[in-house]
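Below: one structure, written as structure tokens.
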Amino acid sequence: MMGVKSKGIAFMIIFFLGLSPVFPPCSSAANQPRNSNKPTHPTSANRLSSSAVFPLQGNVYPLGHYTVTLNIGSSSKIFDLDIDSGSDLTWVQCDAPCKGCTKPRDKLYKPNNNVVQCSDQLCSRIHLSTISQCSAPDEQCDYEVEYADNGASLGVLVRDFIPLQLTNGSVIRPQIAFGCGYDQKFSGPTSPPSTAGVLGLGSGKASILSQLHSMGLTRNVVGHCLSGQGGGYLFFGDDLIPSSGVVWTPMLSSSSEMRYSSGPAELLFNGKPSNVKGLEVIFDSGSSYTYFNSKAYQAVVDLVINDLKGSQLTRATKEEDPSLPICWKGAKPFKSLRDVKSYFKPLAMSFTKRKKVLLPLPPEAYLIVTKHGNVCFGILNGEEVGLEDLNIIGDISLQDKMVIYDNEKQQIGWVSSNCDRLPNVDRDFDDVFSLPYAANFDILADR
Numbered sequence: 061m062m063g064v065k066s067k068g069i070a071f072m073i074i075f076f077l078g079l080s081p082v083f084p085p086c087s088s089a090a091n092q093p094r095n096s097n098k099p100t101h102p103t104s105a106n107r108l109s110s111s112a113v114f115p116l117q118g119n120v121y122p123l124g125h126y127t128v129t130l131n132i133g134s135s136s137k138i139f140d141l142d143i144d145s146g147s148d149l150t151w152v153q154c155d156a157p158c159k160g161c162t163k164p165r166d167k168l169y170k171p172n173n174n175v176v177q178c179s180d181q182l183c184s185r186i187h188l189s190t191i192s193q194c195s196a197p198d199e200q201c202d203y204e205v206e207y208a209d210n211g212a213s214l215g216v217l218v219r220d221f222i223p224l225q226l227t228n229g230s231v232i233r234p235q236i237a238f239g240c241g242y243d244q245k246f247s248g249p250t251s252p253p254s255t256a257g258v259l260g261l262g263s264g265k266a267s268i269l270s271q272l273h274s275m276g277l278t279r280n281v282v283g284h285c286l287s288g289q290g291g292g293y294l295f296f297g298d299d300l301i302p303s304s305g306v307v308w309t310p311m312l313s314s315s316s317e318m319r320y321s322s323g324p325a326e327l328l329f330n331g332k333p334s335n336v337k338g339l340e341v342i343f344d345s346g347s348s349y350t351y352f353n354s355k356a357y358q359a360v361v362d363l364v365i366n367d368l369k370g371s372q373l374t375r376a377t378k379e380e381d382p383s384l385p386i387c388w389k390g391a392k393p394f395k396s397l398r399d400v401k402s403y404f405k406p407l408a409m410s411f412t413k414r415k416k417v418l419l420p421l422p423p424e425a426y427l428i429v430t431k432h433g434n435v436c437f438g439i440l441n442g443e444e445v446g447l448e449d450l451n452i453i454g455d456i457s458l459q460d461k462m463v464i465y466d467n468e469k470q471q472i473g474w475v476s477s478n479c480d481r482l483p484n485v486d487r488d489f490d491d492v493f494s495l496p497y498a499a500n501f502d503i504l505a506d507r
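Just so we're aligned, residue 61 is where the sequence shown starts under our numbering, counting upward by one.
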């Protein structure tokens, strides 16, 4: 699909709604923490009072993804994972007879007598809506993930240590269940991927977030801050949420337990209402771009194109720029969005369940400048990629905002933010995250 990556929205077998599930490379790395006098588990005084924070790598264009690195296992092998708020199960490529595994064997996850059995409560929760069922309690717990673009992962659940650094300075090593995928199927022009798998951020019982919460280690809150300059950060828990300025909208009660959706919403163009109304939207960090159903898509395209009449921009042909379906060229190649912002009006999503709840979509939140020097429209027709009436708010529209999914209060929030720096933490901790990620665990362990 023109190199457009999206993964999110799980339908459990675990069915993900992704569109081109590309799990691209990530260059950051982390070392196992050194021994320290810090407790490896929070005390009763600080349980649920801290957050786990992870630097991110990536961008919307040209990479089309944001990734995080996790240390997994007693030997703390490093795995780079695509972050996905549209699914819940985390999985990595498995060192087993493997189809579709792109990593060399020394970069794969190797189980060590730690396969989750069917008798495990987590297995029964995963299998609630799946075709695969266990015939005996001592069998291994299998999973299957299917993506809307026909990508898939088949594997077995395992449980292992995942060390996490917390904002209170401690390091914990909880045992977390995740998938060990031995049969991957990929699609799209950029496949196969080069990352090790997917970090599911959804609220289903299989997610790392839900498991941490059930252990009493963090609040049932997850958030991300995607930088328009590349990178950003991800967090579990509510420690980093600003005390003011966050705009909140209720999660839809009819939502799947693994989707973060809200609505109805109306699209505003240059501050004025449009005929695009009643949209239910899914917030999906696994999607590079934003997708509307065909009717809403055509309406917003008409608004933008009509407003550009008389400007110096002209449509670029597919031969001139195949990056996205709609692109424009100027008198000379554009170098950045700063060169084109003046041509385009701001959009916004107005969520009507609460007054004055707006998700701003300035030109930077729906445009990219390509390597060809053209500007392209980053809102796409979801029907053309099999989404039918679903509407997706993807990474392009989530940049430079802290986006929070609060599963305890059942609401989604956002606030404009400098995603290159961590907010609401003491200076020492902020300095730690300005260093290469490889050093973070060592420093935190010594604090």
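Backbone N, C-alpha and C define an ideal beta-carbon position, used for all residues, glycine too. The structure displayed is predicted, hence computed values, not measured ones.
- [ ] Give every residue of the same chain whose Cβ lies closer than 8 Å to the Cβ of Ala196, excluding the five residues on either side of it in the sequence, and list them in chain order.
- [x] Cys178
Task: Supposed contact pair Ser270 and Leu261 - C-beta distance, whole angstroms, cut 8 Å - done: Between Leu261 and Ser270 the beta-carbon gap is near 10 Å, outside 8 Å, which marks them as no contact.
Task: Counted within 10 angstroms of its Cβ, other Cβ atoms place Lys389 as buried (16 or more) or exposed - done: buried
- [ ] Mark Glu379 as exposed unless 16 or more other C-beta atoms lie within 10 angstroms of its C-beta, in which case mark it buried.
- [x] exposed
TODO: Compute the distance between the beta-carbons of Leu217 and Gly239, then report whether it is under 8 Å.
DONE: yes
Open item on the list: Give me, in chain order, the residues of the same chain whose beta-carbon lies closer than 7 Å to that of Asp367; leave out the 5 immediate sequence neighbours on both sides.
Closed with: Lys405
Task: Spatial distance of Trp474 from Phe343 (CA atoms) - done: Rounded to whole angstroms, Trp474 to Phe343 spans 11 Å at the Cα level.
TODO: Could you have a look at Pro223 and say whether DSSP puts it in helix, strand or coil?
DONE: coil
- [ ] Taking all protein chains shown into account, decide if Phe244 is buried (16 or more other Cβ within 10 angstroms of its Cβ) or exposed.
- [x] A quick correction: the sequence has Gln, not Phe, at residue 244. By the neighbour-count rule (16 or more Cβ atoms within 10 Å), Gln244 is buried.
- [ ] Please work out which residues of its chain come closer than 7 Å, Cβ to Cβ, to Val120, disregarding the five sequence neighbours upstream and downstream, and give them in chain order.
- [x] Ser348, Ile428, Asp455, Ile456 and Gln459
Task: Cutoff 6 Å; reference Pro422; Cβ partners in own chain excluding five residues on either side - done: Pro406
Task: Reduced DSSP category for Glu29 - H, G, I as helix; E, B as strand; rest coil - done: Residue 29 is absent from the model: the chain starts at 61 and stops at 507.
- [ ] Look at Val152 and Gly297 and say whether their C-beta atoms are less than 8 Å apart.
- [x] no
- [ ] Label Gln181 either buried or exposed according to how many other C-beta atoms from any shown protein chain fall within 10 Å of its C-beta, with 16 as the threshold for buried.
- [x] exposed
- [ ] Evaluate the contact criterion for the stretch 218 to 231 versus the stretch 132 to 148: three or more CB pairs, one atom per stretch, below 8 Å.
- [x] Result yes; three or more Cβ-Cβ pairs closer than 8 Å.
TODO: Excluding the 5 residues preceding and the 5 following His432 in the sequence, name in chain order all residues of the same chain whose CB lies nearer than 6 Å to its CB.
DONE: If we look at His432 and ignore the five residues flanking it on each side, its Cβ neighbours are Asp381.
- [ ] Entirely within the stretch 266 to 337 and at least 4 residues each: give me those alpha helix (DSSP H) ranges in chain order.
- [x] 268 to 274
Task: CA nearest to the CA of Tyr320, picked from Asp466, Ile143 and Asp480 - done: Asp466
Open item on the list: Assuming Ile386 is part of the alpha helix (DSSP H), what are its boundary residues?
Closed with: Careful: Ile386 lies outside any alpha helix (DSSP H) and carries neither H nor E.
TODO: Please list the segments of the alpha helix (DSSP H) lying wholly inside the stretch 381 to 467, counting only runs of 4 or more residues, in order along the chain.
DONE: The stretch 381 to 467 contains these whole alpha helix (DSSP H) runs: 455 to 458.
- [ ] Would you be able to state if there are at least three C-beta pairs under 8 Å between the stretch 274 to 293 and the stretch 304 to 312?
- [x] no
Open item on the list: In the DSSP assignment, the alpha helix (DSSP H) including Tyr357 goes from what residue to what residue?
Closed with: Ser354 to Asp367
Open item on the list: If you reduce the DSSP assignment to three classes, tell me which class Lys137 lands in.
Closed with: strand
Open item on the list: Assuming contact is defined by CB atoms lying nearer than 8 Å, are Gly370 and Val341 in contact in what I supplied?
Closed with: no
Task: Environment of Pro115 [buried if 16+ CB atoms lie within 10 Å] - done: Of the other Cβ atoms in all chains shown, 16 or more fall within 10 Å of the Cβ of Pro115; this residue is therefore buried.
Open item on the list: If I measure Cβ to Cβ from Cys285 and keep anything under 6 Å in the same chain, skipping five residues before and after, which residues do I get?
Closed with: Gly292, Tyr293, Met462, Ser477 and Cys479
Task: Ile386 versus Leu440 - alpha carbon distance - done: When rounded, the distance between both Cα atoms is 9 Å.
Open item on the list: For Ser111, report the span of its alpha helix (DSSP H) as first-last.
Closed with: For Ser111, no alpha helix (DSSP H) segment is defined, and its DSSP state is neither H nor E.
Open item on the list: Just to confirm my understanding: we take Ala391, look at its own chain, exclude 5 residues before and 5 after, and list those with CB closer than 8 Å. What are they?
Closed with: Gln372
- [ ] Pick helix, strand or coil for Ser213, following the three-state DSSP scheme.
- [x] strand
Task: Spatial neighbours of Pro171 in its chain, beta-carbon cut-off 8 Å, leaving aside the 5 residues before and after - done: Cys154, Asp155, Ala156, Val216, Val218 and Cys240
Open item on the list: Let me check understanding here. Comparing Cα to Cα, which of Ser184, Glu468 and Glu443 lies closest to Pro310?
Closed with: Glu468
- [ ] With a 10 Å radius around its C-beta and 16 neighbouring C-beta atoms as the bar for buried, classify Thr377 as buried or exposed.
- [x] exposed
Open item on the list: Give me the residue from Gly283, Ala237 and Glu206 with the minimum Cα distance to Phe246.
Closed with: Glu206
Open item on the list: Report the CB separation of Asp127 from Asp142 in whole angstroms; it is logged as a contact under 8 Å.
Closed with: Just to set this straight, residue 127 is Thr in the shown sequence, not Asp. Contact between Thr127 and Asp142 holds: their C-beta atoms lie close to 5 Å from each other, under 8 Å.
- [ ] Per DSSP, which residues does Gly473 bridge with? Please list them.
- [x] Trp308 and Ile464
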